[in-house]
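J.:
Numbering (the working numbering), first residue to last: 90 to 637.
And the structure:
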């Protein structure tokens, strides 16, 4: 009996142990299955989260593109409606994002932009998406404490350009501010001052996205500069870089300007022609000796320049960095500084004379007075070897004080007349009939940009009217001059204060030029430039050679 009870107890113990083992194994198996299930659920959740993040990124990009599209279309862009369909990418409109992907190393130096890859679009305030021009001009501007010079700068730039020159040019004003109220207020002012330039598309205005600038908390003070100055020049480097990247696909050359400069007459043609005639492998053409004013680059070189600037944007001002880029590209490390300076001249070529002058007294750096002047700006004329041919001068206009027509013709000053009336004229009668190649009459000046000649025509008096008319009939398809009175023929008209043209050789010799006002003007008139290029007779040239 005892044996049976002991055996039973042992049997129960074994049974309990086996049952517990089975339960433990089953529980462990189920627990393992649950763990796998949870793990699979977590993985699926992560996949969904990544998918949603990507979808959110796509939706954000589409929204951003749509908003920029609205900005473009509300700015009266001349873009066919068919092009606005599909993915609504700004590239369809010609306004692509700043292509940092081609310069991916920039994200290393600007890590705050990594969160906005492929979304770094400029804010297009107004513009017509003009591309394919010869020269793109970049004019960065910021809010100044004392006085803004932007309107005067734009007035000078456009005043010194002809209509034909404007058609081959684009001026981009980059408002380097994220204060939307200030940007919109400035845009309104510019559009009111230059409605024709905005409508034609020669003038654009952009601003950066709010996230473009870093915090500037980690900048290092160098060269004894104050923190305020270092922040100012650091941001300035970023401003230049943004503007260059935006401009790189707009034209052949990029001209860096500032918002406090004035320009010489016919500067645009001088810049373009000087660039086109270069045969060496240059990097920058300089049209001013001051800082970063008047520096011309080929747009294909802008990515390289921007990449170099961004690498060291916290360290030095942009003109210093540009000089370092020259050193890296061309200087031999084992040769002296004189050889390096000589080599640099191959990459940076100076134009004479300077075409741009600094005019602002108050710097964009708060508290700084800027009295820099380019001494080379006034030394040379755009036509240094030019003198107008001998002539007698007559005018019916009422002259203001001593500002006579002779002043302008002899290049000793300018002609200033009181409110021209219909029928008023200026007559230039040559001592001897001449073969004229080219003419330029420019009215107004920087101090008085509104004192221009309006509704005024340019006329010539041929030496022999019969021969002239015969040539006119034979070459009617080549030139078409309208007869006016007293034997004169109309050959041109003033547009935006300037009349200029090339005379067809078939015209023959000319006895006189006449400028005739066709309607009353409410403003006074200034004639600041008279340029009459004539062919010197061969006999005269030989005589001059023999005397020399």
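Ideal Cβ placement from N, Cα and C applies to all residues, glycine included. Because the structure is a prediction, the values reported are computed rather than measured.
Do you know offhand how far residue 244's Cα is from residue 538's?
T.: In the chain shown, counting from the first residue as 1, residue 244 sits at position 155. In the chain shown, counting from the first residue as 1, residue 538 sits at position 449. Near 7 Å, if we compare the C-alpha coordinates of residue 538 and residue 244.
J.: Within the continuous alpha helix (DSSP H) that includes residue 551, where are the two ends?
T.: Within the chain shown, the letter at position 462 stands for residue 551. Note, residue 551: premise wrong, no alpha helix (DSSP H); beta strand (DSSP E) at 545-551.
J.: If you measure between the beta carbons of residue 258 and residue 304, is that distance less than 9 Å?
T.: Indexing the chain shown from 1 puts residue 258 at position 169. Indexing the chain shown from 1 puts residue 304 at position 215. Their beta carbons are not under 9 Å apart, which means residue 258 does not touch residue 304 by this criterion.
J.: In this structure, how does DSSP classify residue 518 when only helix, strand and coil are distinguished?
T.: In the chain shown, residue 518 corresponds to position 429, counting from 1. Note: residue 518 maps to strand in three-state DSSP.
J.: Starting from residue 358, follow the alpha helix (DSSP H) in both directions and report where the run begins and ends.
T.: The count along the chain shown starts at 1 and reaches residue 358 at position 269. Counting along the chain, the alpha helix (DSSP H) containing residue 358 begins and ends at 356-365.
J.: Report the start-end ranges of each beta strand (DSSP E) in the region 235-279 that is 3 residues or longer and not cut off at the edges.
T.: DSSP runs (the beta strand (DSSP E)) wholly in the region 235-279: 258-264.
J.: According to DSSP, which residues form a beta bridge with residue 294?
T.: Residue mapping note: residue 294 aligns to position 205 of the chain shown, counting from 1. 215 and 262.
J.: Counting along the chain, where does the alpha helix (DSSP H) carrying residue 396 start and finish?
T.: Locating residue 396 in the chain shown gives position 307, where the first residue counts as 1. 391-400 is the span of the alpha helix (DSSP H), which, as asked, contains residue 396.
J.: State the CB to CB distance for the pair residue 589 and residue 528, rounded to an integer number of angstroms; the pair is presumed to be in contact (CB under 8 Å).
T.: Taking the chain shown and counting its residues from 1, the one referred to as residue 589 is at position 500. Taking the chain shown and counting its residues from 1, the one referred to as residue 528 is at position 439. Confirmed, Cβ separation roughly 6 Å.
J.: One question on the structure: do residue 202 and residue 331 come within less than 9 Å of each other, judged by their Cβ atoms?
T.: Taking the first residue of the chain shown as 1, we reach residue 202 at position 113. Taking the first residue of the chain shown as 1, we reach residue 331 at position 242. No, Cβ-Cβ distance for residue 202 and residue 331 is not below 9 Å.
J.: Taking buried to mean at least 16 other C-beta atoms within 10 Å of its own C-beta, is residue 252 buried or exposed?
T.: As a first step, residue 252 must be located in the chain shown, where it is residue number 163. Exposed, since its Cβ has fewer than 16 Cβ neighbours within 10 Å.
J.: How long is the line joining the alpha carbons of residue 307 and residue 204, rounded to whole angstroms?
T.: Within the chain shown, the letter at position 218 stands for residue 307. Within the chain shown, the letter at position 115 stands for residue 204. The alpha-carbon atoms of residue 307 and residue 204 are separated by roughly 19 Å.
J.: With a 10 Å radius around its C-beta and 16 neighbouring C-beta atoms as the bar for buried, classify residue 483 as buried or exposed.
T.: Locating residue 483 in the chain shown gives position 394, counting from the first residue. With fewer than 16 Cβ atoms within 10 Å of its Cβ, residue 483 is classed as exposed.
J.: State yes or no: is the C-beta of residue 250 within less than 9 Å of the C-beta of residue 357?
T.: Position 161 of the chain shown, counting from 1, holds the residue named residue 250. Position 268 of the chain shown, counting from 1, holds the residue named residue 357. Yes, the pair counts as a contact, with Cβ atoms nearer than the cut-off.
J.: Put residue 562 into one of helix, strand or coil per three-state DSSP.
T.: Within the chain shown, residue 562 is the residue found at index 473, counting from 1. Looking at residue 562 - three-state DSSP - the assignment turns out to be helix.
J.: Could you give the distance in angstroms between the alpha-carbon of residue 373 and the alpha-carbon of residue 384?
T.: The sequence position of residue 373 within the chain shown is 284, counting from 1. The sequence position of residue 384 within the chain shown is 295, counting from 1. Distance between the alpha carbons of residue 373 and residue 384: 6 Å.
J.: Taking only three categories from DSSP, how would you classify residue 289?
T.: Reading the chain shown from its first residue, position 200 is the one you call residue 289. Note: residue 289 maps to helix in three-state DSSP.
J.: Among 409, 400, 382 and 490, which one has its Cα closest to the Cα of residue 196?
T.: As a first step, residue 196 is located in the chain shown; it is residue number 107 there, counting from the start. Among 409, 400, 382 and 490, the Cα nearest to that of residue 196 is on 400.
J.: Taking the DSSP output, what are the residues bridged to residue 407?
T.: Taking the first residue of the chain shown as 1, we reach residue 407 at position 318. According to DSSP, residue 407 bridges with nothing at all.
J.: Going by DSSP, what residue range makes up the beta strand (DSSP E) through residue 426?
T.: Stepping through the chain shown from its first residue, residue 426 is reached at position 337. Note, residue 426: premise wrong, no beta strand (DSSP E); alpha helix (DSSP H) at 426-433.
J.: For residue 612, which of 220, 559, 241 and 540 has the nearest alpha-carbon?
T.: Taking the first residue of the chain shown as 1, we reach residue 612 at position 523. Nearest of 220, 559, 241 and 540 to residue 612, Cα basis: 540.
J.: Give a yes or no on whether the C-beta atoms belonging to residue 360 and residue 376 are separated by under 9 Å.
T.: Along the chain shown, one-based indexing puts residue 360 at 271. Along the chain shown, one-based indexing puts residue 376 at 287. Result yes, Cβ atoms of residue 360 and residue 376 sit closer than 9 Å.
J.: Expressed to the nearest angstrom, what Euclidean distance is found between the alpha-carbon atoms of residue 523 and residue 570?
T.: Sequence index remark: in the chain shown, residue 523 carries index 434 (1-based). Sequence index remark: in the chain shown, residue 570 carries index 481 (1-based). Answer to the nearest angstrom: the Cα atoms are 18 Å apart.
J.: Give every residue of the same chain whose Cβ lies closer than 7 Å to the Cβ of residue 266, excluding the five residues on either side of it in the sequence, and list them in chain order.
T.: Locating residue 266 in the chain shown gives position 177, counting from the first residue. These residues qualify, in order along the chain: 231, 232, 272 and 296.
J.: My guess is that residue 533 and residue 248 are in contact by the Cβ rule of under 8 Å, so how many angstroms apart are they, rounded?
T.: Translated into positions along the chain shown, residue 533 becomes position 444. Translated into positions along the chain shown, residue 248 becomes position 159. 6 Å between Cβ atoms; contact.
J.: Taking all protein chains shown into account, decide if residue 211 is buried (16 or more other Cβ within 10 angstroms of its Cβ) or exposed.
T.: Translated into the one-based positions of the chain shown, residue 211 becomes position 122. Buried, by the Cβ-count rule.
J.: With a threshold of 8 Å on Cβ separation, who are the neighbours of residue 346 within its own chain once the five nearest residues in sequence on each side are excluded?
T.: On the chain shown, position 257 is the one that residue 346 refers to. Around residue 346: 226, 227, 228, 242, 246, 382, 383 and 445.
J.: Is residue 219 near residue 291, with beta carbons less than 9 Å apart?
T.: As a first step, residue 219 must be located in the chain shown, where it is residue number 130. As a first step, residue 291 must be located in the chain shown, where it is residue number 202. Cβ distance < 9 Å, so residue 219 and residue 291 count as in contact.
J.: Are the beta-carbon atoms of residue 261 and residue 339 separated by less than 9 Å?
T.: Taking the chain shown and counting its residues from 1, one reaches residue 261 at position 172. Taking the chain shown and counting its residues from 1, one reaches residue 339 at position 250. Contact: yes.
J.: What are the partner residues of residue 532, as DSSP defines its beta bridges?
T.: The sequence position of residue 532 within the chain shown is 443, counting from 1. In the DSSP output, where bridge partners are listed per residue, residue 532 has 616.
J.: Cα-Cα, which of 542, 216 and 502 is closest to residue 336?
T.: Here residue 336 is taken as the residue at index 247 of the chain shown, counted from 1. Checking every option, the nearest Cα to that of residue 336 belongs to 216.
J.: Do you know offhand how far residue 566's Cα is from residue 601's?
T.: Your numbering for residue 566 matches position 477 in the chain shown. Your numbering for residue 601 matches position 512 in the chain shown. Because the pLDDT of residue 566 is 45, which lies under 50, any placement of that residue in the model is unreliable, and the number read from its coordinates should be weighed accordingly. Their backbone Cα atoms lie some 24 Å apart in a straight line.
J.: Taking the alpha-carbon of residue 432 as reference, which of 492, 491, 421 and 545 has the nearest alpha-carbon?
T.: For this step, residue 432 is matched to residue 343 along the chain shown. Closest by alpha carbon: 421.
J.: Under 8 Å by Cβ, that's how I've got residue 518 and residue 572 pegged, so tell me the actual separation to the nearest angstrom.
T.: As a first step, residue 518 is located in the chain shown; it is residue number 429 there, counting from the start. As a first step, residue 572 is located in the chain shown; it is residue number 483 there, counting from the start. Contact flag wrong, Cβ pair sits at about 19 Å.
J.: Go ahead and pull the three-state DSSP assignment for residue 336.
T.: In the chain shown, the residue the question calls residue 336 occupies position 247. If DSSP states are grouped into helix, strand and coil, residue 336 belongs with the helices.
J.: Could you round the C-beta distance between residue 503 and residue 616 to whole angstroms and report it? I think they count as a contact, below 8 Å.
T.: Here residue 503 corresponds to residue number 414 of the chain shown, with the count starting at 1. Here residue 616 corresponds to residue number 527 of the chain shown, with the count starting at 1. Contact flag correct, Cβ pair sits at about 6 Å.
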